[in-house]
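Undergrad: The numbering used here applies: residue 76 is where the sequence shown begins, and numbers increase by one.
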Amino acid sequence: MLWWLQMTQPRAIELQHMEQNKPQGVRRVLDLLLTDTPVLPSNVPLYTHLLELRMDDGDAYRCIDILEALAKCVHLRKLGIPACKNLFSLEGLERFSHLEELDLSYTNIKDLKWLRYCRHLERLHMIQFRFCQKLKTLVGIEGAWRLECIDLADSSVTNLNGLEKCTFLRTVNLHRCIHVIDFANLKDLPSLLVVNLSGTHVESMPILSEARHLKHIDLSKTRVVDLTPLEKCTALTHLNLRRCENVHRIELLESMWNLQLLFLAYTAVYDLAPLASCVLMKRLSLKDCHEVRSIAPLSGMRVLETLDLSGTSVEDLAPLAGCHLVTQLLLKGCRAVCSIAPLSGMGALEELDLSDTGVADVAPLAGCVLLKQLILQGCAGVRSLAPLSGIGSLEVLNLSGTGVADVAPLAGCVLLKQLILQGCAGVRSLAPLSGIGSLEVLNLSGTGVEDLTVITGCVSMRDMDLRDCRAVCSIAALSGMGALEKLDLSGTSVENLAPLACCLLTKKLGLNGCVAVRSVAELSEMKALEKLDISGTGVEDLAPLSECLLMKDLRLNGCGAVRSAAPLCSLEALEVLDLSGTAVEDLSPLAGCELMKSLNVKNCCAVQSVESLCAMYALEALDLSGTAVEDLAPLAGCQWLRNLALGRCRHVRSIALLSAMDELETLDLSGTAVEDLSPLYNCPMIKKLWLNDCRALQTIAPLFTLADLELLDLSDTTVEDLESLTGCHLMKSLSLTSCSHVQSVEPLSDMNALEMLNLSGTTVEDLAPLVGCQLMETLVLKNCRAVQSIAPLFAMDALRALDLSGTAVEDLVPLSECLLMKDLRLNGCSAVRCVAPLSGMRGSRDAGPQWHGCGGSAFPGSLLVVKVVRPVPLSPSVLFVCVEGFEVLSWSRSVANKCE
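Structural data, given as structure tokens:
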């Protein structure tokens, strides 16, 4: 290869996918490319004429720690070496006197001071420092005085001092520079044309008020409210206000006649009248502007090409009748749109998304002969495809969730490449598709298709989804589909996999729930397989998979007949392996899978040792739930572990090794014999922790350091004192079910983020400390017999589910403001005599609250019926009937029987 390169003398070289090599290997490749020694006497060193050198952003270039290493390439004009993690300085840059563009993104460059020695680099006009997390200051940037473009996106820069000296700057990208507070330096850049402030903390824009020449401004995901400072920026052609949720009014845009691209997606804009003067508009996005109802002001946009109205409240499309140049129209989720008649004249239309609209008739599209992509997903009213029969240009058609049963009109769509029929249960025959040899993607999941022979000629097929096609028994028709890369047969009745032996390019294969499949012998020739799911099948022998050396993801969940993992010993590329529910006992065959990131052996009851996992340094997720594992010491080397599940590992008593796992985020210790949680002091990143049924646990004091904790389950423990939780201000879900020793919730008073709290079976009496938990959505007080008053719940207007079963509560008045309540349980609340306070509960727009133990359903009008489950002194079985505003009346069973 080197001989050929030296002979051909390429001007540009790009290194890709080097992450598969170790740093030493990458170093050797670079040394060969930059060698002074010609392979043949007639050859010259490769770097002599090299003008461009680029490397991808892989993680293999740690061997480059100084630019001096590339100094031989003195003629370079473009140099891109992103992700060189060991590169901290620009020292040596001055040697590249011809350099025009420099990309040092993802490096650890700390400062730009060395640029002061590079003033002679007059050609250097573009520098990229994207994701340079060590870069905090721009001091020295003035050395690159001819700079026209600088990209600092996602860097850690704290200020822009020095940037004002680069007076030739035309483009500045500060995307997500969240540490920058002051942007004043931008106003001193006279040549500035493009500025990206998206995701920053900019709130006002006086800095841009005099930038009359600005062409492009990106303010997306900022706190900007007032657009007035842009008043003089009349030259603007591109303005991005996406996700500026505080922007309501856009009157200022009325004078911006040059606007060609405008993004208002996810804003609070409701009136589009100011856009009537923007007659040069080519691209407009109003996605999820829920308050937009009329698009009349758009009627004059005759050159409009792309329009996104997804998620708006638009009903009438008539104003678009004159927009004949529109090529892309997105109406996804516009439920009020029922007619697309105004689109009949859009002869240039190429892409149309009508997902989840009220459209039933697609006849107006008959004239859109250039249409290439049509999405009708969720349009349940669409039943006929006849109007599409003449659209021969159609390439992508999504009919999932429609009422279509007959695909005959598609016979003429000979260019069709992608067809989605998911959930079209009425589709049983594919005969009309027999002549469409161009099909590459076909989704038939959930259809009634049985016979696949009619698509035998679709030799270009790359992706086929047959999930839940219960009638499909044979896949013989797939034997000639040599280009197939992805196939999902999950839930089918397929038994014989022999036809797949010819699918040598298949990378992903799903057989989940194919209970008739007992052998995977036919897969031995599928060397390209990277992902295989045979969960729930009858497969026993995994030997045929030993040749699938590229396998990265293998799922065997519920394959109870699988007893040995020995055939997997050769699969060194494995990253994800699910053995849950198998009969595997020995994990030693996995010792060589050093790239493993996720391993699941849940409910592999016979697994006792994890000794073979000691070399899995890349492991991020491990599920040992329900195994017989006792000693966790071999996991000491798995320091990147983020998720660890040990639920029901009854023999686990010590978690000492966790003290070194400072990356741990999710930990399940439920049902273990763990007594001491002190190792968790060193796990500050834990967000979810399950300790339920840890009956040996006496104290939770070590949890005091877990400031990021969001979910905690202490159910069925002997915990008494919750004081250790006072620092868990981010807690969202806390379960204390059957913690009978817990008497006070005072430590929870500062948990303002709490959304779910289960106190059932505790001896808590006073709920006052919960008064500040105004985000609470679910509160369970079942069998909290000491609870008599729910007055503190008055301020919980977000409450949606409340269980008061078995409490001593009498007064329900505090619930009168809980208008969002959907689920209320009062079983056994014998002290309740009046339910009138519940009359205002509507639960949601679609349905009222469900009264469990109070009739079991939502009731019409103002009539509320409460059936008290536990007998009360008045009668063995009493019906309480309460008309809104009146006290409860007790009726005997005989009287009640006479009433509906």
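Beta carbons: idealized from backbone N, C-alpha and C, even for Gly.
Using beta-carbon positions only, say whether L463 and L494 come within less than 9 Å of one another.
TA: No, the pair does not count as a contact, with Cβ atoms beyond the cut-off.
Undergrad: Under a Cβ-count criterion, where at least 16 other Cβ atoms within 10 Å of its own Cβ denotes burial, should R287 be classed as buried or exposed?
TA: With fewer than 16 Cβ atoms within 10 Å of its Cβ, R287 is classed as exposed.
Undergrad: What's the gap between the Cα of K362 and the Cα of G433?
TA: Distance between the alpha carbons of K362 and G433 is about 18 Å.
Undergrad: Can you list, in chain order, the stretches of the beta strand (DSSP E) that have 3 or more residues and sit fully within the region 130–213?
TA: Complete beta strand (DSSP E) runs here, min 3: 153–155, 176–178, 201–203.
Undergrad: What residue range is occupied by the uninterrupted beta strand (DSSP E) comprising T612?
TA: Counting along the chain, T612 falls outside any beta strand (DSSP E), and DSSP gives it neither H nor E.
Undergrad: Grab me the residues of R318's own chain with a C-beta within less than 6 Å of its C-beta, minus the 5 sequence neighbours each way, in chain order.
TA: Cβ within range, chain order: S295, K296, Y341.
Undergrad: What does DSSP give as the partner residues of N45 in its beta bridges?
TA: Absent from the structure is residue 45, since the part of the chain shown begins at 76 and ends at 975.
Undergrad: What are the boundary residues of the beta strand (DSSP E) that L494 is part of?
TA: Where L494 is concerned, the enclosing beta strand (DSSP E) stretches over 493–495.
Undergrad: How far does the beta strand (DSSP E) with K763 in it extend, from its first residue to its last?
TA: 763–765 is the extent of the beta strand (DSSP E) around K763.
Undergrad: What are the boundary residues of the beta strand (DSSP E) that includes F338?
TA: It spans 336–338 - the beta strand (DSSP E) in which F338 sits, taken as one unbroken run.
Undergrad: Return yes when the Cβ of L496 is within less than 9 Å of the Cβ of L527, no when it is not.
TA: Cβ atoms of L527 and L496: not closer than 9 Å.
Undergrad: Contact defined as beta carbons within less than 8 Å: I believe L244 pairs with L264. What is the distance between those atoms, to the nearest angstrom?
TA: Correct: roughly 5 Å between the Cβ atoms.
Undergrad: Across which residues does DSSP place Q448 in a beta bridge pair?
TA: Paired residues: E426, V471.
Undergrad: Would you mind reading off the limits of the beta strand (DSSP E) that contains Q403?
TA: That run of the beta strand (DSSP E) goes 403–405.
Undergrad: Give the secondary structure of H124 by DSSP, where H, G and I count as helix, E and B as strand, and everything else as coil.
TA: In this structure, H124 counts as helix in the three-state DSSP scheme.
Undergrad: Assign Q91 to one of three DSSP states: helix, strand, or coil.
TA: Correct three-state label for Q91: coil.
Undergrad: If I'm right that L559 touches G585 with Cβ under 8 Å, what's the distance once you round it to whole angstroms?
TA: About 13 Å separates the two Cβ atoms, so there is no contact after all.
Undergrad: What did DSSP end up calling K629 once you bin it into helix, strand or coil?
TA: Looking at the sequence shown, residue 629 is not Lys but Leu. Of the three classes helix, strand and coil, the one that applies to L629 here is strand, per DSSP.
Undergrad: Can you name the residues that DSSP bridges to A787?
TA: It is Leu, not Ala, that sits at residue 787 in the sequence shown. L764, L809, per the DSSP bridge assignment.
Undergrad: Can you tell me the Cα-Cα spacing of A782 and C803, whole angstroms?
TA: The alpha-carbon atoms of A782 and C803 are separated by roughly 5 Å.
Undergrad: What span of residues does the beta strand (DSSP E) with D543 cover, start to end?
TA: Segment: none, D543 is in no beta strand (DSSP E) and carries neither H nor E.
Undergrad: Going along the chain, which residues of its own chain have a beta-carbon closer than 6 Å to the beta-carbon of H291, five neighbours each way excluded?
TA: Answer for H291: V269, H313, listed in chain order.
Undergrad: List the residues that DSSP assigns as beta-bridge partners of L359.
TA: DSSP, once it has assigned bridges, lists L337, L382 as partnering L359.
Undergrad: Give every residue of the same chain whose Cβ lies closer than 8 Å to the Cβ of C668, excluding the five residues on either side of it in the sequence, and list them in chain order.
TA: Excluding positions up to five away in sequence, the list reads L643, L646, E647, L649, L652, M691.
Undergrad: With respect to the beta strand (DSSP E) encompassing I225, which residues constitute its N-terminal and C-terminal limits?
TA: Run containing I225: 224–226, per the beta strand (DSSP E) assignment.
Undergrad: How long is the line joining the alpha carbons of C159 and W332, rounded to whole angstroms?
TA: Computed Cα separation, rounded: 45 Å.
Undergrad: In chain order, what residues of the same chain have a beta carbon less than 6 Å from the beta carbon of L328, not counting five sequence neighbours either side?
TA: P349.
Undergrad: When you compare only the Cα positions, how much space is there between C608 and L721?
TA: The sequence given here has Asp at residue 608, not Cys. Going by the C-alpha atoms only, they are around 24 Å apart.
Undergrad: Are the CB atoms of S734 and C769 nearer to each other than 9 Å?
TA: It is not a contact, given that the beta carbons lie outside the stated cut-off.
Undergrad: Helix or strand or just coil, what does DSSP make of D263?
TA: Of the three classes helix, strand and coil, the one that applies to D263 here is helix, per DSSP.
Undergrad: Spatial neighbours of E326 within its chain, please: CB distance less than 7 Å, with the 5 preceding and 5 following residues excluded, ordered by chain position.
TA: Counting only Cβ-Cβ distances below 7 Å, and skipping sequence neighbours, we find P349.
Undergrad: State yes or no: is the C-beta of Q84 within less than 9 Å of the C-beta of T110?
TA: Contact: no.
Undergrad: How long is the line joining the alpha carbons of L392 and R875, rounded to whole angstroms?
TA: Cα to Cα, L392 sits roughly 38 Å from R875.
Undergrad: With a cut-off of 8 Å on the beta carbons, I'd call L168 and C193 a contact; round off their distance for me.
TA: Their Cβ separation, rounded to whole angstroms, is 6 Å, which keeps L168 and C193 in contact under 8 Å.
Undergrad: Step through the CB atoms of chain C and report whether any lies within less than 9 Å of the CB of V516.
TA: Although the question refers to chain C, the structure presented lacks it and comprises just one protein chain.
Undergrad: Residues in the same chain with beta-carbon distance under 6 Å from R728, minus the five sequence neighbours each way, listed in chain order, please.
TA: Here the set comprises A748.
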